[in-house]
Amino acid sequence: MVKIVTDSLSDITSDVAQGLGITVVPLTVLFGHETFLDRVTITTDEFYRRLINGTVWPTTTQPTPKAFADVYDKLAAETDEILVVTVSSKLSGTYQSATGGKSLMTKRCRVEVIDSQTVAMGLGLIVLAAAKKAQAGVKLNELFDFVSKSLSRSHLIIYFDTL
Numbered sequence: 001m002v003k004i005v006t007d008s009l010s011d012i013t014s015d016v017a018q019g020l021g022i023t024v025v026p027l028t029v030l031f032g033h034e035t036f037l038d039r040v041t042i043t044t045d046e047f048y049r050r051l052i053n054g055t056v057w058p059t060t061t062q063p064t065p066k067a068f069a070d071v072y073d074k075l076a077a078e079t080d081e082i083l084v085v086t087v088s089s090k091l092s093g094t095y096q097s098a099t100g101g102k103s104l105m106t107k108r109c110r111v112e113v114i115d116s117q118t119v120a121m122g123l124g125l126i127v128l129a130a131a132k133k134a135q136a137g138v139k140l141n142e143l144f145d146f147v148s149k150s151l152s153r154s155h156l157i158i159y160f161d162t163l
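In the working numbering, the protein residues as written are 1 to 163.
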């Protein structure tokens, strides 16, 4: 079965990811000099609490290529096909890290990486659909085509109650 990998900017919760067999690679969140792994060492609630009440604006840093390589190697023990769908390369270097991680792998496994050109649940919904198809036995080539075609049908709409 194809394994699905994404990053934490997909907004997929850990329980949903676990239920669908999705591996979520966390970005690093920085509040000043404080460093957190998104959704690992800082919760979404804590992130928004700090965003609303704090005086320091957060920044993020993409996972390293080695972080992706470690995930790929772990999954390669379970499969020979991995599909990675990342946050837009226009917003983060995560796509480049995911691609770079392929050359650092120590195990053999086919890995395909797609730049979603979106973020948040625009990315998350595509990943969820791909994971459901992977669980149904769809192979990597067909999943790659499905995700690529789905990108143009996914549009992110954001509503802010305050700036």
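Even for Gly, the Cβ is constructed at its ideal location relative to N, Cα and C.
In this structure, the straight-line span from the alpha carbon of Asp70 to that of Trp57 is close to 30 angstroms. Taking 9 angstroms as the cut-off, the beta carbon of Ile12 is found no closer than this to the beta carbon of Val87. Nearest in C-alpha terms to Val119, of all of Thr106, Asn141, Gly93, Gly137, is Gly93. The continuous alpha helix (DSSP H) containing Asp45 extends over residues 44-53.
Counted as a single uninterrupted DSSP element, the stretch harbouring Leu140 is not any beta strand (DSSP E) but the alpha helix (DSSP H) occupying residues 140-150. Looking from the CA of Gly124, the closest CA among Thr55, Ala98, Val147, Gln96 belongs to Val147.
The Cβ neighbour count for Ile82, taken over all protein chains shown within 10 Å, is at least 16; the residue is labelled buried.
With fewer than three CB-CB distances shorter than 8 angstroms, the region 37-55 does not count as touching the region 143-159.
Counted as a single uninterrupted DSSP element, the alpha helix (DSSP H) harbouring Leu75 occupies residues 65-76.
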